[in-house]
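Quick note, the numbering used here runs 51 ahead of the 1-based positions in the sequence shown. Where is the CB? At the ideal position from N, CA and C, for every residue including glycine. Treat the numbers as computed from the prediction; the structure is a model and nothing was measured. All remarks here apply to the structure that follows.
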Amino acid sequence: MFDLHVHTYCSRHPVWGNDAVSSPREVVEDAARKGLDGVAITDHNTTKGGLLGLKAAGKSGVVIIPGVEISS
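Shown next, in the form of structure tokens:
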């Protein structure tokens, strides 16, 4: 099972500002704790969280799909 819409503290929405407080490492740890196979880190207007998530996942077995939610 995958969660396909996760934000990290790297996410900055132009109206709401920072809409998450978890670090990419915390997202990976939370996914593992919940028994998820993986998550798509889709921060607003940046891929930074997803790329950091890939590093954080390491050999945890949690699959990270870097993505982006583009604000319009």
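Judged by beta-carbon spacing, residue 96 lies beyond the 8 Å limit of residue 116, meaning their Cβ atoms are not closer than that value. By DSSP's assignment, residue 63 forms a beta bridge with 69. Here the C-alpha atom of residue 85 lies approximately 10 Å from the C-alpha atom of residue 79. In the displayed model, residue 87 falls within coil according to three-state DSSP, outside both helix and strand. Beyond the five residues adjoining it in sequence on each side, residue 57 comes within less than 7 Å, by CB distance, of 78, 90, 91, 92, 93 in the same chain, given in chain order.
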